[in-house]
Structure formats: C-alpha cells, structure tokens
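A.B. asks: Can you read through this structure? Questions will come right after.
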Amino acid sequence: MKHLLCKTSLAVALLGMFGVASADTLLIQRVQQETANMPKRGATAAQVQARFGAPSQQLTPQGGQRRAWPTITRWVYPAFTVYFQHGHVIDAVANQATADEIGPKPAK
-10 MKHLLCKTSL AVALLGMFGV ASADTLLIQR VQQETANMPK RGATAAQVQA
40 RFGAPSQQLT PQGGQRRAWP TITRWVYPAF TVYFQHGHVI DAVANQATAD
90 EIGPKPAK
C-alpha cells in the first residue's frame, strides 16, 4: 500500500511538471510565430504605419526630461506594441492573448 501511494504521488508530481513545461513551450512558440509579423528594429514610424495601418492607440511620449533620457513613444496594435525612439522602432512586443496568459502588462 505504501509503495502504491509513493508511485501515485510521483506520477502526479511528474504530470504536474509536464503541464507547466508544455504551457511554457506553447507561449514561447506563439511569441516566436508572431515575431515574424511585427515591425523590425530600425524601421521608421511611417514604414510601420504603411505596413500595419494606424495603431489602435498612440500613447503619450515618455521620457525626454534630460538629454540622457530619450523620449520613447508607444503605438499599440491589437497583437503587439511598438516602441519608438527618435521616430525609429527600438522594439516590438507581443500583447497578452488572454487575461490568463503571463506576459506584458496591458497598455494604460
């Protein structure tokens, strides 16, 4: 009986770890697939707008209080958010697909 309980506990623990690992893999795969459909680093704001259309939100620029702190602008699209510095893309990040997904915080 004790041996059966030990085997059962081990099986449940392994299955639990497998579920977490497969969920992480799926999240990584989704982000890798969507990266191909996002603006590339160095593209201009005009190029992004020509390819992806107008963003659903253009957030207020942040930074710029000092010369060492450049102004960063964010454009939010349904699937991703684009970050600009001096009118050029510095990064594009996938938005959360669902409320349960662990990922970037939604834009305010």
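With the working numbering applied, the sequence shown corresponds to residues -10 to 97, in that order. A virtual CB, placed ideally from N, CA and C, is assigned to each residue, including glycine.
Under a three-way DSSP split, which group does A34 fall into?
C.D. replies: Note: A34 maps to helix in three-state DSSP.
A.B. asks: Run the CB neighbour count on A81, radius 10 Å, all protein chains shown included, and call it buried at 16 or more, exposed below.
C.D. replies: Flag for A81 reads buried.
A.B. asks: Excluding sequence positions up to five away, which residues of its chain have a Cβ less than 6 Å from the Cβ of Q51?
C.D. replies: Closer than 6 Å at the Cβ level, and outside the excluded window around Q51, lie I61.
A.B. asks: Which stretch, first to last residue, makes up the beta strand (DSSP E) that contains T62?
C.D. replies: Its beta strand (DSSP E) spans residues 61 to 65.
A.B. asks: If you run the structure through DSSP and keep just helix, strand and coil, what is A104?
C.D. replies: Any property of residue 104 remains undetermined from this structure, which presents the chain solely from -10 to 97.
A.B. asks: By the 10 Å Cβ neighbour count, where 16 or more other Cβ atoms means buried, how is P28 classified, buried or exposed?
C.D. replies: It is buried - the Cβ of P28 has at least 16 other Cβ atoms within 10 Å.
A.B. asks: Would DSSP call H75 helix, strand or coil?
C.D. replies: The answer is coil: DSSP assigns H75 none of H, G, I, E or B.
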